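>
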Amino acid sequence: MELSLRRLQMLRELHRRGTVTAAAAALHYSPSGVSQQLAQLEREVGVTLVERFGRRVQLTDLGLVLLEHAEEILGAVERATTALEQAQEGVTARLTVGVWASVAAGLLPRSLTTLAANHPGIEVHTTELVPEQSAAAVLEGKFDAAFVIDYSDHEMDWDPSLTRTVVAVERLHAAVPAETLLGDTVSLLQLADHPWILSGPRSHFGRAVRIACHKQGFAPRIAHTVEEQPTALALAAAGLGVTLVSDLALAMKPEGVDIVALDKPVMRTISLAHRASSAPRRSIDLFIDAVRTTAAEQGLGASTSLPLAASD
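Note that the UniProt record's numbering has the sequence shown beginning at 1, numbered continuously upward.
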């Protein structure tokens, strides 16, 4: 009996998701493709692995037995990959990394240049995600690592099977139409009467800013809901409201916008998340080092080199 790693991954994802459609979406397959592969897996092992209950699917007792061994097999593959990397004098590896807009523009180019100069055998492929999806994408095996964020007013829930390493720390600044404010600093409360340009309340950024405003005693009056900081800056430049932007987004500031420091800083921590392992991959460690070096050169150095503890 030969077990396909791909089919074992499908079995694991089906158990996590509960439906063929959800498992297929997570693995970038069609639902019919997943069903066919699972049927083939059942033929290979000679037992029924899944049972249907309406639209939902659950593993049989024998399916759960195979799942337990699948976790060991897939984990062994990751450990073998790590061992091969560590055995090489010069690391050769292909990494897939989830990024989001301001990180891709502000940290990634110089980080990849540094990595390529010092470790040319490491090939990094990136895909842009929304920050709210990045940790889950690593957990599901779509990426080797991804950038994640925590705000001082809104920390992200964390899965203990992932490790995160802080790579940069940013401040948020007020971005207002030119000549709107006088002075070097401003409080959030001073912006309470202005229309706001802000991402939705389901985003980490939008939620963190709303929480910070509520602590100052007001709810921001949202005039324009946009998800990207460059878009928010363009609307502020047109005089349509105020917003907050991070250090990395300052490079995208258009004409017609003033950047003013907050008197009570709102901070955000940028980390790289990757699957927890007893034998960390050398290629991921080297990529993290390159990003941390770039952040430090830009004045955004992390306060610690250790992975953050899992949070509830």
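Note that CB positions come from ideal geometry on N, CA and C, so glycine has one too. Keep in mind it's a predicted model, so treat the numbers as computed, not measured.
Ignoring anything shorter than 3 residues or poking outside the region 156-182, list the beta strand (DSSP E) runs there in chain order.
Here the runs fully enclosed are 162-177.
> Between which two residues does the beta strand (DSSP E) containing Val57 stretch?
Reading the sequence shown from its first residue, position 57 is the one you call residue 57. Run containing Val57: 56-59, per the beta strand (DSSP E) assignment.
> Can you list, in chain order, the residues of its chain whose CB lies under 6 Å from that of Ala237, leaving out five sequence neighbours each side?
Here the question's residue 237 lines up with position 237 in the sequence shown. Cβ neighbours of Ala237 beyond the five flanking positions: Pro254, Gly256, Val257.
> Straight-line CA distance for Arg94 to Gly239?
To locate residue 94, count along the sequence shown from 1; it is residue 94. To locate residue 239, count along the sequence shown from 1; it is residue 239. Looking at the two C-alpha atoms, the distance is approximately 45 Å.
> Measure the CB-CB distance between Thr243 and Leu182 and report whether it falls below 9 Å.
Residue mapping note: residue 243 aligns to position 243 of the sequence shown, counting from 1. Residue mapping note: residue 182 aligns to position 182 of the sequence shown, counting from 1. In this structure, Leu182 does not lie closer than 9 Å to Thr243 by Cβ.
> At the level of alpha carbons, what is the spacing between Gly106 and Val45?
If you number the sequence shown from 1, residue 106 lands on position 106. If you number the sequence shown from 1, residue 45 lands on position 45. Approximately 50 Å between the Cα atoms of the pair.
> What's the gap between the Cα of Val166 and the Cα of Thr127?
Start at 1 with the first residue of the sequence shown, and residue 166 comes out as number 166. Start at 1 with the first residue of the sequence shown, and residue 127 comes out as number 127. If I take the Cα positions, the gap works out to 20 Å.
> Between Ser111 and Leu11, what straight-line distance do the alpha-carbon atoms span, to the nearest angstrom?
By 1-based counting over the sequence shown, the position of residue 111 is 111. By 1-based counting over the sequence shown, the position of residue 11 is 11. The alpha-carbon atoms of Ser111 and Leu11 are separated by roughly 36 Å.
> What does Gly98 pair with, by DSSP beta-bridge criteria?
Sequence index remark: in the sequence shown, residue 98 carries index 98 (1-based). Gly98 is bridged to Thr127, Ala146.
> I need the boundaries of the alpha helix (DSSP H) containing Glu297, first residue and last residue.
Counting from one through the sequence shown, the residue named residue 297 turns up at place 297. Taken as a continuous stretch (DSSP letters only), the alpha helix (DSSP H) holding Glu297 covers 282-297.
> Let me check understanding here. Comparing Cα to Cα, which of Ala174, Arg55, Ile259, Ala273 lies closest to Val148?
Your numbering for residue 148 matches position 148 in the sequence shown. Per the Cα distances, Ala273.
> Does the separation of the CB atoms of Leu139 and Val99 fall below 9 Å?
Numbered from 1 along the sequence shown, position 139 holds the residue referred to as residue 139. Numbered from 1 along the sequence shown, position 99 holds the residue referred to as residue 99. No.
> Our contact map puts His154 next to Ala261 with C-beta atoms below 8 Å; I'd like the distance itself, whole angstroms only.
As a working note, residue 154 is residue 154 in the sequence shown. As a working note, residue 261 is residue 261 in the sequence shown. Between Ala261 and His154 the Cβ distance is about 20 Å, and since that is not below 8 Å, they are no contact.
> Under 9 Å, do Arg275 and Glu78 count as touching if we go by C-beta distance?
Translated into positions along the sequence shown, residue 275 becomes position 275. Translated into positions along the sequence shown, residue 78 becomes position 78. Going by C-beta atoms, Arg275 is nearer than 9 Å to Glu78.
> With distance defined between alpha-carbon atoms, name the residue in Ala104, Gln37, Gln36, Gln9 nearest to Ala26.
Stepping through the sequence shown from its first residue, residue 26 is reached at position 26. It is Gln9 whose Cα lies nearest to the Cα of Ala26.
> With the cut-off set at 9 Å, would you say residue 314 and Thr82 are in Cβ contact?
Shown here, the chain extends from 1 to 312; a query on residue 314 therefore has no answer.
> Pick from Thr96, Ser203, Ser152: whose alpha carbon is nearest that of His125?
Here residue 125 corresponds to residue number 125 of the sequence shown, with the count starting at 1. Minimum Cα distance to His125 is reached at Thr96.
> In or out: Gly299 buried (at least 16 other Cβ within 10 Å) or exposed?
Here residue 299 is taken as the residue at index 299 of the sequence shown, counted from 1. By the 10 Å Cβ count, Gly299 comes out exposed.
> Considering only residues of the region 212-272, which uninterrupted beta strand (DSSP E) runs meet the minimum length of 3 residues and lie entirely inside it, listed in chain order?
Counting only runs of 3 or more, we get 221-225, 243-246, 257-262.
> If you draw a straight line from the C-alpha of Asp211 to the C-alpha of Phe143, how long is it?
Taking the first residue of the sequence shown as 1, we reach residue 211 at position 211. Taking the first residue of the sequence shown as 1, we reach residue 143 at position 143. For clarity, residue 211 is Ile in the given sequence; the question names Asp instead. Approximately 31 Å, taken between the alpha carbons.
> Do His15 and Leu74 count as a contact pair if the criterion is CB distance below 9 Å?
Counting from 1 along the sequence shown, the entry for residue 74 is found at position 74. Counting from 1 along the sequence shown, the entry for residue 15 is found at position 15. Cβ distance not < 9 Å, so Leu74 and His15 don't count as in contact.
> I need the DSSP call for Leu5, collapsed to helix, strand or coil.
One-based indexing of the sequence shown puts residue 5 at position 5. Correct three-state label for Leu5: helix.
> Which same chain residues, not among the five before or five after Gly200, have their C-beta less than 6 Å away from its C-beta?
Here the question's residue 200 lines up with position 200 in the sequence shown. Excluding residues within five positions, the ones whose Cβ falls inside 6 Å are Gly206, Thr225.
> Just to confirm, is the Cβ distance from Ala145 to Ala302 under 9 Å?
Counting from 1 along the sequence shown, the entry for residue 145 is found at position 145. Counting from 1 along the sequence shown, the entry for residue 302 is found at position 302. No. Outside cutoff.
> For Glu71 and Asp184, what's the separation of their Cα atoms in angstroms?
If you number the sequence shown from 1, residue 71 lands on position 71. If you number the sequence shown from 1, residue 184 lands on position 184. Distance between the alpha carbons of Glu71 and Asp184 is about 55 Å.
> Hey, does Glu170 have any beta-carbon neighbour from chain B nearer than 9 Å?
As a matter of chain content, chain B is missing from the structure shown, which is built from one protein chain.
> Is Gly301 helix, strand or coil by DSSP?
Here residue 301 corresponds to residue number 301 of the sequence shown, with the count starting at 1. Gly301 falls in the strand class under three-state DSSP.
> Here's the rule I'm using: 16 or more other beta-carbon atoms within 10 Å means buried, otherwise exposed. How should Glu13 be labelled?
Here the question's residue 13 lines up with position 13 in the sequence shown. Classification of Glu13: buried, given that the 10 Å Cβ count is 16 or more.
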